[in-house]
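Asks:
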Amino acid sequence: MKSFSSFHPTVLFLYYLSVIFISMFTMNPVILGCSLIGSILFFSMMNSPKVVLKDIGYYLLVFILIAITNPIFSHNGETILFFLNDNPVTLEAIIYGIAIATMLVAVIFWSKSYSEIMTSDKFVYLFGRTIPKLSLVLSMALRFIPMLKLQIKKVNQVQKTFGLYTTDSITDRILSGIRVLNSVLTWSLENAINRGDSMRARGYGLKGRTNFSLFKFYKRDGMLLIAIILILVTAILGFVFNIFDFYYYPAVSSLEITGVGILEYIFVFILMIIPFIIEVKENIQWKLLRSKI
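Okay, here's the thing in structure tokens:
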């Protein structure tokens, strides 16, 4: 189930803008950890366990690679652990690499769920009136990428069905790739021409064109929007009053463990897990309704 996706596009866009913005513009380890947990939990609710484990395994390797790479190139920090090729490897550089990796993986998982939740029709609904041409181009580009991947897969399967490229030699793979690329490029050009002709025939770009949408703003959308705004304002105040300030160089700073600081972190964590809470709530309600049948 994807209950979170049923909310109004304005609410969804504001939520993703908030969590990605907070994740990208802070290096506070608690906030980054909350963002990573929230993004993975929501991603796990939207996909099968096989897909989730596959993605987590892949991005775990990316995480480790970034965490290891940073101290090799950055030698800042006062706590030297050892020397590698006469260059110091510091504890601060390792911790900073872990923080960067956490931020990157969290943003990637948020972006993956965003691509599933914020479909092209929602994007056009939000920006179709203000920036119609740009919103159309972006929505078509976002839709074209999965279509292109699917077409490549289809062409590759057809090539194998014909009995071509059955060996695993490098030459065979190169020839197969060239044939697939040639076919997909031809298909994409033909598809673009047909789409342009179809849009022109339907009167796209003419004056007086009206807009139609199925999206309506309900009471639950307003409640969630108010909750997001309140938590976002609280988080912004945390940045303004330096509650979330955290430094890694020259020495790792300490977290602000105060009543206000803990409350700020709790609000941020709630913001990060809002989609997960909504999905769990809807799943429980669905199971209860089925049990009464």
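The working numbering numbers the first residue of the sequence shown as -16 and each following residue consecutively.
For every residue, glycine included, the Cβ atom is placed at its ideal position computed from N, Cα and C.
#1: Can you tell me the Cα-Cα spacing of residue 180 and residue 174, whole angstroms?
#2: How big is the Cα-Cα spacing for residue 58 and residue 78?
#3: Quick test of your reading: residue -13 and residue 261, contact by CB under 8 angstroms. State the CB separation rounded to the nearest angstrom.
#4: Pull up the distance between the alpha-carbon of residue 74 and that of residue 233, whole angstroms please.
#5: As a quick exercise: from 259, 139, 145, pick the residue whose alpha carbon is nearest that of residue 161.
#6: So for residue 70, helix, strand or coil by DSSP?
#7: Identify, in the order they occur along the chain, each residue of the same chain with its Cβ nearer than 7 angstroms to the Cβ of residue 243, setting aside the five sequence neighbours on each side.
#8: What's the C-alpha gap between residue -5 and residue 101?
#9: Residue 251 and residue 5: beta carbons closer than 9 angstroms?
#10: First and last residue of the alpha helix (DSSP H) that includes residue 20?
#11: Name the two residues that bound the continuous alpha helix (DSSP H) containing residue 52.
#12: Figure out for me which residue from 52, 80, 81 has the closest Cα to the Cα of residue 67.
#13: Report the residue from 90, 212, 70 whose alpha carbon sits nearest the alpha carbon of residue 46.
#14: Check the C-beta distance from residue -11 over to residue 96 and give it rounded, since I have them as a contact under 8 angstroms.
#15: State the start and end residues of the unbroken alpha helix (DSSP H) segment that holds residue 250.
#16: Under the rule that 16 or more other beta-carbon atoms within 10 Å means buried, what is residue 218, buried or exposed?
#17: With a CB to CB cut of under 6 angstroms and the five nearest residues on each side skipped, what residues in its chain are close to residue 25?
#18: Since residue 218 is in the alpha helix (DSSP H), which residue starts that stretch and which ends it?
Replies: Here's the rundown:
#1: Position 197 of the sequence shown, counted from the first residue, corresponds to residue 180. Position 191 of the sequence shown, counted from the first residue, corresponds to residue 174. So the two alpha carbons sit approximately 10 angstroms from each other.
#2: Locating residue 58 in the sequence shown gives position 75, where the first residue counts as 1. Locating residue 78 in the sequence shown gives position 95, where the first residue counts as 1. Distance between the alpha carbons of residue 58 and residue 78: 12 angstroms.
#3: Residue mapping note: residue -13 aligns to position 4 of the sequence shown, counting from 1. Residue mapping note: residue 261 aligns to position 278 of the sequence shown, counting from 1. Indeed they touch by this definition, with Cβ atoms about 5 angstroms apart.
#4: On the sequence shown, position 91 is the one that residue 74 refers to. On the sequence shown, position 250 is the one that residue 233 refers to. Their Cα atoms are separated by approximately 10 angstroms.
#5: Indexing the sequence shown from 1 puts residue 161 at position 178. Selected option, being the one with the closest Cα: 139.
#6: Counted from its first residue, the sequence shown places residue 70 at position 87. Residue 70: strand per DSSP, three-state reduction.
#7: To locate residue 243, count along the sequence shown from 1; it is residue 260. Cβ neighbours of residue 243 beyond the five flanking positions: 226.
#8: Working through the sequence shown from its first residue, we reach residue -5 at position 12. Working through the sequence shown from its first residue, we reach residue 101 at position 118. Near 7 angstroms, if we compare the C-alpha coordinates of residue 101 and residue -5.
#9: The residue labelled residue 251 in the question sits at position 268 within the sequence shown. The residue labelled residue 5 in the question sits at position 22 within the sequence shown. Going by C-beta atoms, residue 251 is nearer than 9 angstroms to residue 5.
#10: Here residue 20 corresponds to residue number 37 of the sequence shown, with the count starting at 1. Residue 20 -> alpha helix (DSSP H) spans 12 to 29.
#11: Position 69 of the sequence shown, counted from the first residue, corresponds to residue 52. From DSSP, the alpha helix (DSSP H) with residue 52 extends over 32 to 56.
#12: Reading the sequence shown from its first residue, position 84 is the one you call residue 67. Closest by alpha carbon: 52.
#13: Position 63 of the sequence shown, counted from the start, is the residue given in the question as residue 46. Closest option to residue 46, Cα to Cα, is 90.
#14: Within the sequence shown, the letter at position 6 stands for residue -11. Within the sequence shown, the letter at position 113 stands for residue 96. With a Cβ gap of about 14 angstroms, residue -11 and residue 96 do not count as contacting.
#15: Residue numbering aside, residue 250 sits at position 267 when the sequence shown is read from its first letter. 242 to 255 is the extent of the alpha helix (DSSP H) around residue 250.
#16: Here the question's residue 218 lines up with position 235 in the sequence shown. Result: buried.
#17: Locating residue 25 in the sequence shown gives position 42, where the first residue counts as 1. Closer than 6 angstroms at Cβ, skipping near neighbours: 96, 258, 259.
#18: In the sequence shown, the residue the question calls residue 218 occupies position 235. Element bounds for residue 218: 202 to 223.
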